[in-house]
Structures are given as structure tokens and as C-alpha cells.
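In what follows, a structure is listed as C-alpha cells, so that the remarks can point back to it.
6 protein chains.
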Amino acid sequence: MGKFITFGEIMLRLAPAGFERFAQAKEFGAVYGGGEANVAVSLANYGKDAYFVTKLPKHEIGQAAVNELRKYGVNSSMIVRGGDRVGIYYCEKGASQRPSKVIYDRAYSAIAEAKREDFNWKEIFNNAEWFHFTGITPALSDECAAITLDAVKAAKEAGVMVSCDLNFRKKLWSSEKAGKVMGEIVKYCDVVIANEEDAEKVFGISAEGTDITGGTINGEGYKEVARKLTDRFNLKYVAITLRESFSASDNGWSAMLYNGKDFYSSKKYRMHIVDRVGGGDSFGAGLIYGLTSGLTNQDALEYAVAASCLKHTVEGDFNLVSKDEVETLMNGDASGRVQR
Amino acid sequence: MGKFITFGEIMLRLAPAGFERFAQAKEFGAVYGGGEANVAVSLANYGKDAYFVTKLPKHEIGQAAVNELRKYGVNSSMIVRGGDRVGIYYCEKGASQRPSKVIYDRAYSAIAEAKREDFNWKEIFNNAEWFHFTGITPALSDECAAITLDAVKAAKEAGVMVSCDLNFRKKLWSSEKAGKVMGEIVKYCDVVIANEEDAEKVFGISAEGTDITGGTINGEGYKEVARKLTDRFNLKYVAITLRESFSASDNGWSAMLYNGKDFYSSKKYRMHIVDRVGGGDSFGAGLIYGLTSGLTNQDALEYAVAASCLKHTVEGDFNLVSKDEVETLMNGDASGRVQR
Amino acid sequence: MGKFITFGEIMLRLAPAGFERFAQAKEFGAVYGGGEANVAVSLANYGKDAYFVTKLPKHEIGQAAVNELRKYGVNSSMIVRGGDRVGIYYCEKGASQRPSKVIYDRAYSAIAEAKREDFNWKEIFNNAEWFHFTGITPALSDECAAITLDAVKAAKEAGVMVSCDLNFRKKLWSSEKAGKVMGEIVKYCDVVIANEEDAEKVFGISAEGTDITGGTINGEGYKEVARKLTDRFNLKYVAITLRESFSASDNGWSAMLYNGKDFYSSKKYRMHIVDRVGGGDSFGAGLIYGLTSGLTNQDALEYAVAASCLKHTVEGDFNLVSKDEVETLMNGDASGRVQR
Amino acid sequence: MGKFITFGEIMLRLAPAGFERFAQAKEFGAVYGGGEANVAVSLANYGKDAYFVTKLPKHEIGQAAVNELRKYGVNSSMIVRGGDRVGIYYCEKGASQRPSKVIYDRAYSAIAEAKREDFNWKEIFNNAEWFHFTGITPALSDECAAITLDAVKAAKEAGVMVSCDLNFRKKLWSSEKAGKVMGEIVKYCDVVIANEEDAEKVFGISAEGTDITGGTINGEGYKEVARKLTDRFNLKYVAITLRESFSASDNGWSAMLYNGKDFYSSKKYRMHIVDRVGGGDSFGAGLIYGLTSGLTNQDALEYAVAASCLKHTVEGDFNLVSKDEVETLMNGDASGRVQR
Amino acid sequence: MGKFITFGEIMLRLAPAGFERFAQAKEFGAVYGGGEANVAVSLANYGKDAYFVTKLPKHEIGQAAVNELRKYGVNSSMIVRGGDRVGIYYCEKGASQRPSKVIYDRAYSAIAEAKREDFNWKEIFNNAEWFHFTGITPALSDECAAITLDAVKAAKEAGVMVSCDLNFRKKLWSSEKAGKVMGEIVKYCDVVIANEEDAEKVFGISAEGTDITGGTINGEGYKEVARKLTDRFNLKYVAITLRESFSASDNGWSAMLYNGKDFYSSKKYRMHIVDRVGGGDSFGAGLIYGLTSGLTNQDALEYAVAASCLKHTVEGDFNLVSKDEVETLMNGDASGRVQR
Amino acid sequence: MGKFITFGEIMLRLAPAGFERFAQAKEFGAVYGGGEANVAVSLANYGKDAYFVTKLPKHEIGQAAVNELRKYGVNSSMIVRGGDRVGIYYCEKGASQRPSKVIYDRAYSAIAEAKREDFNWKEIFNNAEWFHFTGITPALSDECAAITLDAVKAAKEAGVMVSCDLNFRKKLWSSEKAGKVMGEIVKYCDVVIANEEDAEKVFGISAEGTDITGGTINGEGYKEVARKLTDRFNLKYVAITLRESFSASDNGWSAMLYNGKDFYSSKKYRMHIVDRVGGGDSFGAGLIYGLTSGLTNQDALEYAVAASCLKHTVEGDFNLVSKDEVETLMNGDASGRVQR
């Protein structure tokens, strides 16, 4: 088994307890997370040899992020240490008609200020099997965009599979800039993962007849999106997650997968939400697991959707569920009966 | 913009954590609230110049109540200091078929023992735009009833708009006494707010065909109630909130408004409840905001209902939501999607 | 009124906070519970003279279990003190599609290692009215099976009513062994309580057409189960609880009662779950209360189902609800409206 | 062994966490305590048959107080149920130069409003061995003073030993009134317990050369105090506790005992304080235990001082230490080495 | 009474619970503080009309900082809103031989990025009586240094008293730069406050014979320091605080004051520390209070030292003690006896 | 650098919050620790390649113990998975005259039930530099004694240095048995660590003139002890820690080292205790670090004593301090001044 490398930012998440609003918080729950780190933890949970690559300060807060990754079995030995800040995001949990709210304080973090020479990608990809990143990483800074481009090129050269979750963040960059930068990077990708809005926001590729805020989703339209992405970037797989937001407490969740030839649609779950942050990342990790573990395309998709369905019941960014738990759900037991 | 004055009691609320029963509590969460104080906080949140008038002891617990009001931008400079007790209510949160339970320990509080001479209403209403109180205040003691009557008369004299939320509390007084006292006071009111049972319990004015415990509501009947109230007290507005209690966890919520001529009906929300205490107060505050900020009658009503829908997702008595948040919901986005 | 004796194990339950997974826990909530202890607490809540019999170590953890029983009015004076361990179970709360998970660490507990001579059943049943135990107790050890057999024989001799909740636990023994041991013990019982799977797992008596994991239940089949149990063991009553697991968060709940002649079916509740552990025990306690307090068979069943419906809204193993609360629900008020 | 009866008020204590000030508290720790209830719990811990007599409301907060007493083995069967309020005290823990602060909210509690006919002292003292109360009880109301006088008279008649801890509270009554009321009651007492200031504040009997705030104590002076008390009230024992307040964090602690003939002085402990509330009560309980369990006068005193020294290390009002623990300290092991 | 203006940064302080190390924290306590904000809160506590001037983001975290100031009575109406970050400091509490540890994450905060045109000092100083800042503010950025210089010049022009706490922070600037910038600013000051090391680190003015780490302090040397500062900057008052660090748990604390003519030395307190952050700020606030409230120089100094002694017993940056509490300690009662 | 192997049990420690007694606990803090695991964590903190060897169940509680070790950088890849129980100890923190109390529930743990064939010591010691264990491990079971003997023999064979902390536990075995078993095992050791009582309890070698409970220690006597141990077992080093228990809150701490020729005595620290569990283990780890990192004997001893002094300020079993922190204290800075 080769190494599964993910690259990006891991942030400190500061969250009021339960459903408290920011103004009421006297404590903040402190967990660590970020798109690619979340994927790494999932892969480690499923038994893969997961590495997370980033840059983190040497001080105790940087170390705490490292410790959290180690705790869950992620190899942290390729994390570069230096810089001043651990990026932060404040996260208030919503309920019913009140949405969750995220305030980012991630500018000037160690990874956002990292330099190309901080990373030796050739060495990193030695014996690697998969490389995953999200559209957040190149959005952190121009240098990060350059580093990501270095990475995907090196990955290709090393014969490593490359997956990218588009993950558009309007607070980090404009659609214009995202389209331009990602347009270069995605050329080196094999697998692209997107949600209902990413493809449109980044590449202007949209599914007609979908009203995200209203909660209706047009499945057919997404096939068109997948086909266009595949054609433009010569991808092996495109996966699209479909979230129906009935409220902050209840969501529908499903996904589709396109392998350039066939479309696969997953079961749909109706979830009562504990914590939805990291939902998309857990899908990505499930898909990577499925595609590298001998599952059929349909099963890989079902694994990914079941895994990410379970994520919505887990507090924090990390999807702390086991392979067994994912398989139980994927195989049909959604009854939630006590396991004694 | 003039001052928005509210007058009543602010209590210390002692609540077991989460869904714990009283018998299990080793800590009580401590927040402060009360019908009129809740309205003041909402008005401050929406940018109004909100004042809360009451009497509170000089000791640290009295001061903590003052601090909490100041924290949320309510002007506390007209609060009279003296007396011995801060009123208390113990509040246990229900779930599903188990109702929330409130035990009052508010007798002998500083405000319940206040004297008419404690308040100089003429001064208080200097530059005031609105005066709001609830039926709880005159129920606290005979002297409080007299003080409230002083207040509404002075308000009228000063040309200040007066609103009253009937808020009948059977633990504080009988329907007979309430009817008699409130019959005098409401004469000086411009706006009356009531829920499904208040009008009947206080004035014997009821909507036929409604079974509150059973959860069915007869909209037509409430028009009759509004009309009768308007006729009897020569009111400018009557607003009635309509709660459907499916369970302690899930409620339906809507309202209607009558301006002596037309009836307005709001959207109806189905809410998954975080904390329903203060739901009615948040409606009142939303309505006052709407009626004083250039909204149409329909919009004022929708603002009030959206605001109070959001209250049900906020812990504590105070409705800690912003004008922006209310408007987003009122304008149709109930999807609860994460705001990044 | 005679004594109501229950006999079995009381364990320390260690539970992560809220919906945390075991891997995230830095604290464990510590409560005490166990099938028969739970019944004892309910009976004390309803005003019965409840005794719990077990063996517990003399040290502070054993004492804490005693204290918890005393706190809720259970007489602990017949608890034998000695041995080393308080049995433990770790309990992680599930949500939505993720089931709750229980890890037992109860082997070698003081009661599992107790000896027949530790208990003087003749003395214990002096002035007793009812004896209750579950199928867990004889499963703890061969000696415990012998002690239980001693107990039911002594109870019969003393003219005490005997009830047994079959409560099959596959981690403690095999169906084969359970069938053999329980086959002897149940001969001395008057009332048997079972859930959807117990009768099949213990005695091979099943209801056709029921798929527990899938959530469908065949009411007719259960009548057959009740009839067979009654015939085989010459029982006065058989009660069967029927749980529909829509998810870990939402369940349906009802039950039926058979008195050897007539079948009674209860109302069905749809519950939003706070804590489902002890749900079955709270049913048993409600039934014992009903059958010993002059209620009709139908009312006894409704009392039991309403009581256990409420249990699902209470944290911990114990059903901390009062007779009044059960009666309110049983009489039809499921609206969850705030009780002020 | 006869019953040990204590009579007084049990209050809900609301305390900010750790060293937080009232203004910072978002939760209040909730424990129950009061001079005589504290004594009852200690006596139950030492194996005595302890009863606490009071009046408490029927609601859940009243029940919680009952539960807490039951939890620690105090017999609550003679507690009268009725009235509205559970008395409250807010308690902020001090440190170093900042003193602890107590705000009482106990007026109008169920016991303060109790009537003489609520208590049947003849029945209460049936088979009793000891009766204990403090000077707080008669200070609660004139009726409470009358009830206490009823009690001591009945106790005398029943041949029960009577002890009184003077416990002067200036917030409850004046020295003048205390002197007058207590002057009547103490006539029926056998044992009086006082601290450095009580005798002076209640009876005007003082020890010269003592400066309480300054922390110096004049041992000789206290002998004079004990002698005068004994002479005036014909007492069997007078005990005086001597606290040296170096700071809110560190105190010296010792006591003396006078049996009308000899003076006994205890060891002196220097304590690092965890919670000093209930320190005096724990001394009283230790003394009662000692005097009724065959200890010499010196040992009874040492037991009382060791017990109360340990109280200062226990959170809450109750002195949750065992007889073994008291004896270990009393016999000289103050090393605090881990007990494995 | 005029306005008391303070100007600087208010940060979010994130602190592990109790004595936990950063690596163990799963929650961070969240309070707000900063040198000048701390002074403002103290002044408000003592009844002064305190204003805090800074720049804070409009988002909820910025608002939370504003709320905290309002809660404690500080006028926040002159706070400029804008920018992105609220500065953060992570703070781990030490004990015994393990020192407390602070990690700053304050770069790029709204105030550090503020512009000179953000502040209209002429308006701010309208009706002002006192202006206070610390050496931290000009160290935040070159622009902040310019703004501070603007401020002191405007204060002088408006006839406002100006005080500066030198507060050297080596993480923010070098001694060289500090000396240069502060050399300009302090010219406009009337009062300078320094601790054992500030004068040396900023202006190279030192007290011989003092070994800070070793805990010995040479009082005579500090007179020399005070004299030199006074001479160089033509000051009205120089105050120097003297901390003896026996350990992270126990400190000695005293101060001296020089009015250009006489030296005043305070009492010395030995403190058992709850939270020492903000100790120096609380001294500054106490001194400002004393010098503006008719106290003698000696009493002003004693007030300042007593106030700051008490601060060491209060959690958080703010010194939440009242004028009464300071006066009680200043007048000699350091016994820490419970205040009932 | 070679591997540093430690072998033993890691337990779940369940501890009431703060100074709560067991009877008061509603939550237990959950950390993991054990003599040898504690040493492994310290060594990882100091940069050594630390491995912990044990047997742990596959379930989530076993995994949580593994996660905790990984979090702090200990290599867990040689931990055998299997068995049923994670050993538990309940730990109540003492204060002042009240000692801490430990209740063990470790019988039948996975490691106590492990078999010799579970461990391949030859493989384990491949490339190893040091092997450490304590006297607890062979005391767990006869099989564990045999495994430990296997281990030390294999270590010797592999040329690995072997250290043993005698760590006598009277609850696990008698002095007689300990002496016999350890007498065989210590023959293969190079370094022995003991506290004031171990040598006497295990080998009957005592220091005259020491009264542990009384707190006096006779330094000369310990030289005799060290000499006798060295002579009997042909050791390279004997280290003895010397604890003076003034109270549960304050201890003195120092140690001595004997290399078969010279005696070295350390500085003595007076510590205000946060958590003393693991104090001895942290000394052992410091000594191993010192002896393998080029320090002089005196410096190795000072490092070990400074490290373990700091441990007493850290919550939990693990000594979470860095090499820098140890060196700062060892080099003389015990002032506890804030590190900014």
C-alpha cells in the first residue's frame, strides 16, 4: 500500500457550546480541522497510510494541531514547522431556521505564508499512491497556488493519482481568479469532486433547474455538469454531492459519480444533523477509499455517501467512524438500534 | 429616534443543563430574562434606543442583571436600585412528549415590592417614542398594578405609543382579578398582543373551535377575538400569535395582525426548538420594530414572526439575532445553509 | 402496601458528553443503572416501597451506587456489601443513522461473583408484594443463575408476585444456555415482559413477518408469541414492547398486553429521543405499578407505555418522572406545552 | 442507638465556579446545605441514625433538597412538606486577600414561614438520643423561635441531650433580639458550641485580647467565656472553635472544650482551604459523635477538630468524610500522602 | 466629572481550563482584555466615566469584545468599527515552579492596522479629564505609534492629564525602537508607571542590585530610576510596581510613588495567585482613581496597591472589584474572613 | 539514536473534577496513564524515539488509550491488541490534610491476562537503546512476571540498557512475593530507581532514621540503601527520590544518585501540588534522558529532579513538559514569572 498524501491548511476551530450564539460564549470548544486534514483522518480510520502535509508554527498551538493528527493515526512527519499563526475559524452551530455561521481568521497563517521551497514534492511523493487537495489551498495565497501547482505536477510525474475537491470559498478569492488558477491545476487531476455550487462558481459550469436555497435539486442537470468537467479536464472521475437543506437541523444527502462513461447515483439519506462541517470532505475520503480498495464504482459511491452521512452525526471536522460502521450503513442498516 | 421604554421584572433563570431534570442538576445555567427585558434586548439588537425600567437590589446579583442588559446594549440608567431579592424562575427544558417546566420563585422581589414613588414617569417618558409592558407586571402586586397604571397614563399624556402583551400568568393572579385590573390599564394602550389563550383568560374573549392542547387552531376564530378587543379598547393594532404544539421539540408558529380594518396573516414556520422561552416576547419586539421603522403592516407582521421563529433557536430568554438575520428569513431563506 | 423487591446488577455507566464519540471523550458522565435498579427507582417515584437487592463493594464507588439509589428513594438496606468491582458499561449516544454503542466491562463485578449464601431470600421476601428481575441477572454467572432460582422459588413460597423481563444479552450468554436456564426460572414467574426479539432469542418463540432492523412490526405475530409464552409457562400476564427504530434519533413505541384471555394494545408514540437506555425497564416498572394499583388492564398498559415514552426524554438509566406526569401523558396531553 | 435529630433550614447554595466572581458566573454550582443539615449528614457518615427536621416545598426544588439528604443517608421521613420557597444563598469563593462573600435570599422560605402546629415534637423525639440546632433557626422568624422553644422543651422532657451552636447571623437579627430569644432557649441546652465571636454577639460575653480581623487569638480569654456560659446556663459542655484567618486561602484551626471542670485544648491545624463553609457545623457534628461514642473528652475534642479540619478540604456544605478518615488525621497522619 | 479615556488594543484571551497545558485543552476559556481596556473597566468599577477607544471588526467576535466592555460599564461609543481581526493571546496558567505562558497572535488586528484618520482626538478629548495608554499601543505598528503621538499631543492641548504605563513587550519591538518612539511620546505625559524592568528595557534606566528572576528587589535603586525618569520627561508622578516572584503561585507585591519631591512606599502583600494577568493594569487604574479622587499621595498609592493585590485573586484580565473592597483591604483587613 | 522501549500497563484514570470527593462526582475526567507509559511520553517529549509495549483490547476504549499515546508522539506500533478490559483506576485528588485516594480496578485487564507468546522480545529489542519497566508489571499476574523476565533477559542479550523503578504496590502483591520475583528480575537490570519505601518493602533494605508519614528523611540512610542495592544486584546506577509530604498540597522533592562510586545529591524543591500522580515516573524518564544524552551524573540527576518537580504542576499522569522547560528550571529559574 502506498502513501496517501493530502495537502492544505489545518485550522483551529473555535466554537461556542451547543447552540449558543457567539455573543453568549464564555468558552470555545477547540478542535482542529480543514478540508484536506479531514480527508487524511478519514483515510487513516479506514486503514490507509495517510500523511498530511502543511506548514505549522513551532509553538504549542501549532503542536496541538500536530498532536490531534497523530492521535487519529495521521503521519505528521512531513509537516513543515515554522511561521507564526495557526489559522482560525470561529464556528457557531445553527438550528432549524437559523443557519450555522463561520467567521474566518485564517489570513497570515503559516501555510498561507509558506514558500515554494518549503516543500520537496519529489521526496513527498516517494512511494505515494494518491494525492488529494481542495480548491481552498491554492486560494490561500499566490504562493500557495504556485505550491499546489508544483505538487500536482510532481504527483503526475511520480505516477500518483490526483484528486481535487473544488471547494470554492468566496471569502478567499473571486470566481474569476479561482477559474484561472484552478483551470491550470485541475489539468493535472484525475478525480474532481464538487458540490451543487462549486462547478458553477469556479468554472461557470452549472446545472439548470436547481435552486439551492429553495432546496430543489435537478439530478439531470448534474450529469451535464459532470460531463462538461470530464471533457474539459480529461478526468477519470467526477463526483458531485447533492445536499438538500430543509433546515439547519435536517438535510437530505446523496451523490452521483461519473466515470466518463456511466453515471452512478447513490441512495439518499435524510439526516438529523449533529455537525455538518466536514461533510463534503468525508465524502471525498470515502470515495478515495472506495476507488483504491477494490470496490465497484457503485459501491465506492455508496461507501462515500454512507461515510459522509455518518459524518453529519459526529462533532468536529473529523469523520471519526470506522470502516465497519460505514459498511453497516452502506449495507442497509440505518435503524440506529443500540449496538451492545 | 426616540427612546423605547419597557417596564417590568427581570428574573434570574436557573436551568439544568441540556435535558436534565431538576433532580439531576448539579449546576444551574444562569441567565436573566423577563417579558419586557426580552423586548428591550431585541429592540437594542435592531438598533433602537432601548431602555429597561425596573427595580433591582444593589447587591451583586442585582448588578449581574444590570450587567447582562448593558452587555446587549440596553440602557440601564433608569433602573431603580433597592430592595432585597432578584426574582427567580427555575426552568427545566422538555423534549418530545415531556413538557418544559417552570417553577417561579419571584414573590417579594425588588420590583414586586416597589412603590409608586420609586418611578418618575414624566421624566422617564421624556423624548420617548414607545412604551411596552406585559400583563405580568401589574400582576406582581397591587402596587405594581398601580405603578403600571401610572405609567400608561403618563405615556398617553406624553404622546408615547403604548403596547401591551396580555401574557396571562395563572400563578400570579386569577382571571377575575386580571380582567378587572387589565380592563383599566388597556384603555390607555394602542397595541395589544396576545396568544391563543390570553384574551380568553383575561377578558373572556375566545376563539371557538380551537383546542390548544390538541394542537388545532381556528384562524377565523381569532379574527373575531381581534375584532372584539379592538372594539372594546379602541386599539390601533391587535396581534395574535398562533402556536401549534406538536411536541416539546417541534412547534408550528405563525401570527395575525388586525389594524381595525384589515387582517394580515403571516407565513407559518415549523420549528425544531432549542429554547422556546421568550418566543412571544420576541414577536412583540419584532412587531414594535416593524411598526416604527416604515414597514408595511404585512411586512411588520412577517418581521415579527420571522424574528420570533429565530428566537426558538436561541438559548436563553433574549432573542440574540440581528436585523439582517431576521430579514434574511423573512425574505424567504429558511434553508439553514452554513453562512461562511 | 408490601415491599417491591428487585434483584440484579447496578453498573456505573460512563458516557461521553452529548454526541461525542468515545475517541473524543475527555470526561465521562457517570450515572448508575441496570435493568432491575431502574425498575426500583421508577417504583419509588410512583410511591411504592421499593427495595433493590444486589452485592456492591464497600469502597467509595460501591457506595456511590448505593447513594444514587437512596437519593431517589430506593431502600438500600438489603444490599450486600463486599467484592471488588462495580460493573461498568461505556455508552456512546448515537444520532440519526449512527447507532448508540455500548461496551460492557461487567465481568467479575461483586454481584457476578456473589455466592448463594450472600442472600437470605426468606428474610428478603418478608412482607413483600412483588419480585422483579430480568434475564440479565441469571446470565451474569452460574452462581447468579442459581441465586435467581433460589429467589423465585422463595418468592413463590412467600406468595409474592414474580415478574421477569426476558432481556436477552448475547454478550453474556448463548441462546441455548439462556433457554435452558430461563426455562427453569420462568416456571416460577407470573408476569413476563419481552421486546421484539427476546422471546425468539431465549425461547425460540417468534413473530413472523417482523423485520426489526427494517423497522416493520407485525402486531398479529406478537399475539401468537404471547399466547405461546403463556401456555408454556402458565403465566398470568405477558407484555411485549414494540419499538420501531426509524433512526437513532426517532423511534416509534407501543406495547401489547395479554392476560391469558384478552389482548390489549396501547397507543403508539413517536418519540424524539434524548436517551433510550432503560426504555424497556421503565415499561416494566409502569406495568408493575399499574397491575398493583387498581388500574384496568388497558390502563395499566397505557400507564406503562406512557411512562416509558417519557423515559426516552430523560438522561440516564433511571426514569425520573412522577406519577402525575405519566398520567398527564396517558390521559392524552402529548403537546409538550410549557408547564408554568 | 437512638435517633439523632437536627432541626433547621436547608438552603440551595448557588456558587460561581472556582474563584469566579458573581459578575462572571454563567452557571451556578447547586448544592444544598445549612447548619443543622450539615450536622445531620456528618452524623450519618459516622454511622449515627440521623434525622433532619425542617419544612420544604413539595415542588421539585424542595424535593431535590430531600434527595440530597437521602443520598447521604439522612432520614428525611420527618420533613414537613409545604410552603413555597427553598431558601437560597449565593456564595462566592474568595482567595488570598479577597474574602468569600455570601448573599442570603432566605426570607419567606418554607421553614421561615412554618407554623408551630407543623411539628409534633413529642413524636419526633420518640426514641431520640440527641437534639441539635443552631442559633440560626430561631432567628428565621418569631414563629421559628417559638418552634425552637417548643422543641427544646420537648427534648428535655423526653430526656434527650440538647446541643446548640450559637451561630450568630447579623443579617437575621440584632444582638439584642438574639440575646433575648436565645437566653430563653439555651436554658434547655446541655451543650453549647460557639466560635470566636458568637458568645459576645449573642450574650455579650467576650474574650479580651482577641482581634479577630487581625488574626490573633487569646486562648485564656476563651476559658473565661466558657466558664461564664456554663455558669449562666448550667451547661454540661461548652466548646469554642478558634479560627485564625491568615487569608481566605489559609487558616489556622483549633478548639477548646470545657466540661464545667476541666479545660481541654486541641491540636492546631494549618489548613489550605478548599471550602470553609460548614466548618463550624462539622466541628459540632464531630463533637456530638465523640460525646456519644465512648471517647474521652480530649479525644472527642480532637475528633471534632480533625473532622472539621478535613471539612475545609471538601467542596460544599456537607463534610463528606468517613470515621476512618477522621481517625487517621486525629491519630497524627497529616502528611496527605496518596492512599492507594 | 470628566471622561476618562483609555486607548489601546483589546484582545480575545484563549485559556485552557485550570492548570491544563495547551496540549490538553479541548476548550479555551474566552475572555477579553488588554492593558488599557483593563484600566477602563477598573475605572468604571470605581465610578468614573470610563471610555475605551480602539478599532474592532464589525463581526460577531468584534462585537463580543464591545459587549464585554459594555457589560462592565465602559462606554464603547467611541470605538471605531472595521478591520478583520480581533487580536488573540493564548494564555496557559502556571503553578509553583512552572511559569504561565503567553502566545501572542495579535499581528494584523484591526487596531494594529488602523489609520491615523480613524480617530478624531479633538472630539474624543472633549470634556475629558484623563488619558491613559501603555507602551504596548505604539508598539503595535508604526501607524499606531503615530496615532498615539497624535493622541498625547491632542490630550495636552485639551488640558487632559496623561498617564503612560511603559509596559515593554519584547515580542512587539526592540528596546532600541521602543526607546526612540516612547522617548517622543512620553514627553507629553504627566504620569509614568513602570515595573521592575520597563524603565531599563525602554529607556536604559535601571535599578542596581535587583535580580528579578532571583526575586530580590532593591528599593533604593528604584528611587534612582524614578528620579531619572522624572528629570528626563518632566513628569508629575512616577510609580513603580515591585513584584517578587517566589513562584508562579506565590508573589510579593508592593509599589512606590514619586511626585518629583517625595518618595512614598506602600505596604507589601504576599499573594496566593488566582490570575496575575492584568496585575499591573489594575495598579495603574487604582493610581488614576486615587490621584483624581482627593486621596493623599500615600493613600492613592495604597489604593493602587490594594486594588492590584485583589486583582491577583480575580480570573481574567479585568479587575472586577469594587471601591468598597479595595478600601477594606487598604484599611487593613486582609484576613479573608467570609463576608455574610 | 536507538529505540527506548517501555513495557507495562496503561490504565484509564477516572477522576472527579477539582477537589470533589468520589461521592460528589457526576463526571469523571478521563485520562490514561501508568508507570511505564508515563515514562514513554516523557521520553518522546524530550525527543527520544519512544515505544510503549503492552496489550490492549481492540474496542474503542482500548483504542482511546492508543490514541492518547500517539497524540504525544509515542510509537504504538508494537502494542498487542486483544483481551477484554482496559485497567481502571479511580483517583480522587486530596488537599491539605486530606490525602489523595486511589481505587484500583485493574484485575483481569488485557495486559494482566496476556500470555508470554504475545510478545516477541527479540524483535522488539531490534535497534533498541534502553528498556524500562517498573515493579508493577510483574506484579500484575504470574504470567506478567514471566513475561517481564523474558523481556529483561532478551534485553540483556541484545545489549540494551535496562532500568527498573521498584514501585512497590501492596494491593498487587505481598513484600514476600515481590522480593522473590523482583530478586530474579533485577539481576538483569543496570539501573534501579526507588522511592523512600520501595527498597524496604521489596528487598527489606531500609534507611534508618526516616519517618515517612512524619515527613522527616534521613539522607545518610539512603546512601546505605543505594550501596546495598548496588552490591546485591551489581547495578550501574541507583537513584532514590525523596519526598517530604508536608500535606497533600505541599511537598518537598529531591533525589540522590549513586553510580557505585560517588553519591550525587540534587537541589530540593518545595512544590505547591497540582497533580502528584506520575511524579516518580517523570523522575525516571528524566534520569534515562540524562544518562543517554551526554549529561554529567550531577546534571542527569538535576534534570530528573527538575523534570519531576514540574510534573507536580501538570494535570494527569503524563509529564507534559519540554526539554527547554526542564532545562530552564534545572538552570535555576524557579521564579514562575510569566513567559510572554
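Protein chains in written order, with my numbering: chain A, 1 to 340; chain B, 1001 to 1340; chain C, 2001 to 2340; chain D, 3001 to 3340; chain E, 4001 to 4340; chain F, 5001 to 5340. Don't be surprised by glycine CBs; every beta carbon is placed ideally from N, CA and C. Please read all numbers here as calculations on a predicted model, not as lab measurements.
- Contact between F/Ala5300 and F/Gly5284 does not hold, since the beta-carbon distance rounds to 12 Å and is not under 8 Å.
- In this structure, DSSP gives A/Asp324 a helical state, which the three-state scheme calls helix.
- Cβ neighbours of C/Phe2263 within its own chain (closer than 8 Å, five residues either side excluded): Lys2223, Ala2226, Met2256, Leu2257.
- When C-beta distances to chain E are compared with 8 Å, the residues of the region 5307-5331 of chain F below that value are Cys5309, Leu5310, His5312, Thr5313, Val5314, Glu5315, Gly5316, Leu5320, Val5321, Glu5325, Leu5329, in chain order.
- For the C-beta of C/Tyr2108, the chain F residues within less than 8 Å are, from N- to C-terminus, Ala5107, Tyr5108.
- In terms of CA proximity to E/Ala4155, E/Lys4003 leads the group E/Lys4003, E/Met4330, E/Thr4328.
- The beta-carbon separation of A/Phe133 and A/Thr6, rounded to 7 Å, stays under the 8 Å limit for a contact.
- Any Cβ of chain D closer than 8 Å to the Cβ of F/Lys5171 would place that residue at the interface, and such an atom is present.
- B/Gln1063 reaches chain D at Ala3023, counting residues in chain order whose Cβ is nearer than 7 Å.
- Under the Cβ criterion of 8 Å, B/Arg1270 is not counted among the residues facing chain C.
- For the region 2073-2091 of chain C, residues whose beta-carbon sits nearer than 9 Å to a beta-carbon of chain F comprise Asp2084, Arg2085, Val2086, Ile2088, Tyr2090.
- With distances taken between CA atoms, E/Met4001 lies nearest to E/Gly4047 out of E/Gly4034, E/Val4192, E/Gly4047, E/Ala4064.
- The Cβ atoms of D/Val3321 and D/Ala3334 do not sit closer than 8 Å to each other.
- For D/Tyr3051, same chain residues with a beta-carbon under 6 Å away, outside a window of 5 residues either side, are Lys3003, Ile3005, Asn3075, Met3078 in chain order.
- For the C-beta of A/Lys71, the chain F residues within less than 8 Å are, from N- to C-terminus, Asn5067, Glu5068, Arg5070, Lys5071.
- The region 5309-5316 of chain F makes no contact with the region 4052-4067 of chain E; the number of CB pairs closer than 8 Å stays below 3.
- Non-local C-beta neighbours of F/Asn5259 in its own chain, meaning closer than 8 Å and more than five positions away in sequence, comprise Lys5236, Tyr5237, Asn5297, ordered along the chain.
- Counting only runs that start and end inside the region 1221-1306 of chain B, the beta strand (DSSP E) elements of at least 3 residues fall at 1237-1245, 1250-1258, 1263-1265, 1269-1272.
- Contact between E/Glu4302 and E/Lys4268 is absent: CB atoms are separated by about 11 Å, not below the 8 Å threshold.
- Within chain F, Gln5097, Ser5247 have C-beta atoms less than 7 Å from the C-beta of D/Ala3334, given in sequence order.
- Nearest in C-alpha terms to E/Val4086, of all of E/Ala4114, E/Ala4095, E/Tyr4072, is E/Ala4114.
- Inter-residue distance for F/Asn5195 and F/Ser5206 is about 11 Å (C-alpha atoms, whole angstroms).
- Within the model, the alpha-carbon separation for D/Phe3131 versus D/Ile3288 is close to 10 Å.
- Under the three-state reduction of DSSP output, A/Met78 falls in the coil class, being neither helix nor strand.
- In this structure, DSSP gives E/Ser4141 a state outside helix and strand, which the three-state scheme calls coil.
- Note that the C-beta distance between B/Pro1099 and C/Gln2339 is below 8 Å.
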